[in-house]
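Student: full-length UniProt numbering puts the first residue of the sequence shown at 1, with every later residue one more than the last.
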Amino acid sequence: MNRLLQQTPVYVVGIGLHPYQFASDIPYVGLGLRAMREALADAAIAWPEVQSAYVGTSAIGMATGRVMFRHLGSTGLAVTQVESASASGSSAFRQACLEVASGVSDVVVAMGVDKFGDGRMAADKDGLPHLAPTATMPLVTFALMAHEYLRQHGLKPEAMARVAVKNHGNAALNPYAQFRKPRTLEQVMASPKVVGDLTVQQCCPQGDGAAAVIVASEAAIRRLGLDKRRAVRVLASVANSEELEHGESSAVVDMVRKSTAMAYEQAGIGPHDLNLVELHEAFSIEELVYTEAMDLCAPGEGAAWLERGASAIGGQCAVNASGGLLGMGHPVGPTGIGQIAEITRQIRGEAHGRQQPGARLGLAHMIGLGSVAFAHVLAAAH
Numbered sequence: 001m002n003r004l005l006q007q008t009p010v011y012v013v014g015i016g017l018h019p020y021q022f023a024s025d026i027p028y029v030g031l032g033l034r035a036m037r038e039a040l041a042d043a044a045i046a047w048p049e050v051q052s053a054y055v056g057t058s059a060i061g062m063a064t065g066r067v068m069f070r071h072l073g074s075t076g077l078a079v080t081q082v083e084s085a086s087a088s089g090s091s092a093f094r095q096a097c098l099e100v101a102s103g104v105s106d107v108v109v110a111m112g113v114d115k116f117g118d119g120r121m122a123a124d125k126d127g128l129p130h131l132a133p134t135a136t137m138p139l140v141t142f143a144l145m146a147h148e149y150l151r152q153h154g155l156k157p158e159a160m161a162r163v164a165v166k167n168h169g170n171a172a173l174n175p176y177a178q179f180r181k182p183r184t185l186e187q188v189m190a191s192p193k194v195v196g197d198l199t200v201q202q203c204c205p206q207g208d209g210a211a212a213v214i215v216a217s218e219a220a221i222r223r224l225g226l227d228k229r230r231a232v233r234v235l236a237s238v239a240n241s242e243e244l245e246h247g248e249s250s251a252v253v254d255m256v257r258k259s260t261a262m263a264y265e266q267a268g269i270g271p272h273d274l275n276l277v278e279l280h281e282a283f284s285i286e287e288l289v290y291t292e293a294m295d296l297c298a299p300g301e302g303a304a305w306l307e308r309g310a311s312a313i314g315g316q317c318a319v320n321a322s323g324g325l326l327g328m329g330h331p332v333g334p335t336g337i338g339q340i341a342e343i344t345r346q347i348r349g350e351a352h353g354r355q356q357p358g359a360r361l362g363l364a365h366m367i368g369l370g371s372v373a374f375a376h377v378l379a380a381a382h
């Protein structure tokens with residue numbers, strides 16, 4: 001188990017976002033610069049203090065970061081582009097944390113930025129025939145997961161539709177969210193069906209957005225005179241990929257289970273210590289399945305745990321207080337960074353209107369096509 005983050009503490013000291021939105025004619029540079037400038041202002045540091053940058057993006061193209069950062073000034077910082085599908089931002093954050101923990105740099109930015117793209121995937125270019133034209137579509141995979149989960153536990157489609165109701169309600173309180181309207185269960189169920197029992201409002205939107213997070217060492221916090229009271233410590237950073245043993249959907253769940261368990265061990269915590277979780281629910285069924293896989297509730301109890309309010313803001317552990325992918329949106333590259341920003345804001349007590357009371361410890365978890373997973377545990381530094 002990697003103990004680097006325990007030996008050399010790493011802190012989130014600045015966060016910034018451009019609101020997630022539907023596809024627009026705003027160049028990605030404008031999106032990214034707003035998020036970056038907001039993060040610099042939040043941290044109270046100047047751009048030349050940033051020594052290295054990791055940029056998560058999936059649809060923009062080569063040299064995304066350098067083209068964007070030159071508008072802030074050509075300072076000679078190291079720039080690395082990262083792509084891990086939906087987990088691109090999470091991957092960029094992990095690399096930033098490990099660079100600071102290793103002592104290579106002491107102020108590093110991780111950011112995600114994306115414009116709505118064509119969704120081309122490497123799985124469609126592997127030279128192998130597929131069983132069906134939809135074989136590589138995540139929507140189909142999760143519709144089948146939903147069908148099996150509802151059948152196995154004797155549940156009606158409303159059980160997973162309640163995920164969308166909760167998360168759209170949370171997003172309505174988030175000024176950075178793509179969707180800002182609460183939805184009733186009746187509205188979610190009445191929205192057009194997409195595949196199986198998944199309706200439109202149970203499937204995440206894609207669009208444009210940007211998010212930036214600045215991480216720093218203790219030495220940098222002292223050197224720059226930053227406010228340690230607003231710093232949030234990174235206790236764990238974990239990455240893994242699927243092991244195809246029992247079929248695709250069960251392999252994804254197993255990957256989530258293992259990556260989360262590894263993060264708990266690295267951070268020295270248990271699931272019931274968490275006050276917050278931001279997780280990948282591109283489709284409503286995922287939140288039910290993953291809260292069980294993360295041991296937040298017992299196997300088969302995800303729907304009941306949700307229905308009794310345990311995952312609501314003010315409940316046992318607020319899940320997707322930001323609105324999640326369903327409500328806040330999923331511009332892909334920024335999504336994982338946006339999770340880190342939300343947990344940081346909550347731990348600071350600055351999530352006005354959607355604050356989880358007593359938030360001290362949070363988990364950010366993302367998966368990406370392939371499939372890969374990234375888990376990060378953040379905690380109050382004081």
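In this text, a Cβ means the ideal position worked out from N, Cα and C, and glycines have one as well.
1) When the Cα atoms are used, what is the spatial distance from Ala143 to Gly324?
2) Measuring CB to CB, does Ala46 end up less than 9 Å from Gly14?
3) Pull up the distance between the alpha-carbon of Gly32 and that of His18, whole angstroms please.
4) Counting Cβ pairs, one atom from each stretch, are 3 or more of them under 8 Å apart for the region 174-181 and the region 289-304?
5) Could you tell me the alpha carbon to alpha carbon distance between Ile60 and Lys115, rounded to whole angstroms?
6) On a Cα-Cα basis, can you pick out the residue from Tyr20, Ser91, Gly16 that is closest to Ala44?
7) Rounded to whole angstroms, how far is the Cβ of Asn174 from the Cβ of Ser322, which I believe are closer than 8 Å?
8) With a threshold of 8 Å, are at least 3 pairs of Cβ atoms found where one atom belongs to the region 190-204 and the other to the region 282-289?
9) Between the Cα of Met294 and those of Ala35, Val232, Ile269, Ser90, spot the shortest distance and give me the residue it belongs to.
10) Identify which residue in Gly103, Val113, Val104 has its Cα closest to the Cα of residue 383.
11) Under a three-way DSSP split, which group does Lys125 fall into?
12) Quick one: any contact between the region 209-226 and the region 96-115, if contact means 3 or more CB pairs under 8 Å?
13) Let me know the secondary structure DSSP gives Leu176 once reduced to three states.
14) Suppose you measure from the CA of His382 to the CA of Arg257; what does that come to, to the nearest Å?
15) Which residue from Leu72, Val55, Gly89 puts its Cα closest to that of Gln81?
16) Between Ala122 and Leu185, what straight-line distance do the alpha-carbon atoms span, to the nearest angstrom?
17) Can you tell me the Cβ-Cβ gap for Leu226 and Ala267, rounded? I've got them flagged as a contact below 8 Å.
18) Are the region 372-379 and the region 145-155 touching, with three or more C-beta to C-beta distances below 8 Å?
19) Using CA coordinates, which residue listed in Ala298, Ala87, Arg360 is at the minimum distance from His153?
20) Going along the chain, which unbroken runs of the alpha helix (DSSP H) with 4 or more residues stay wholly within the region 180-230?
Tutor: Well, looking at it:
1) 19 Å
2) no
3) 7 Å
4) no
5) 6 Å
6) Gly16
7) That belief holds up - the Cβ atoms of Asn174 and Ser322 are roughly 6 Å apart, short of 8 Å.
8) yes
9) Nearest C-alpha to Met294 among Ala35, Val232, Ile269, Ser90: Ile269.
10) Here the chain covers residues 1 to 382 and nothing more, so residue 383 does not appear.
11) With a pLDDT of 46 at Lys125, under the threshold of 50, the predicted position of this residue should be treated as unreliable, and no value is reported.
12) Short answer: they touch.
13) Here residue 176 turns out to be Tyr, not Leu, going by the sequence shown. Coil at Tyr176, not helix or strand.
14) 29 Å
15) Val55
16) Unreliable placement is indicated for Ala122, whose pLDDT of 49 sits below 50; the coordinate value is still reported in the next sentence. Taking the straight line from one Cα to the other gives about 37 Å.
17) A Cβ-Cβ distance of about 23 Å is found for the pair Leu226 and Ala267, leaving them out of contact under the 8 Å criterion.
18) no
19) Ala298
20) 185-190, 218-224
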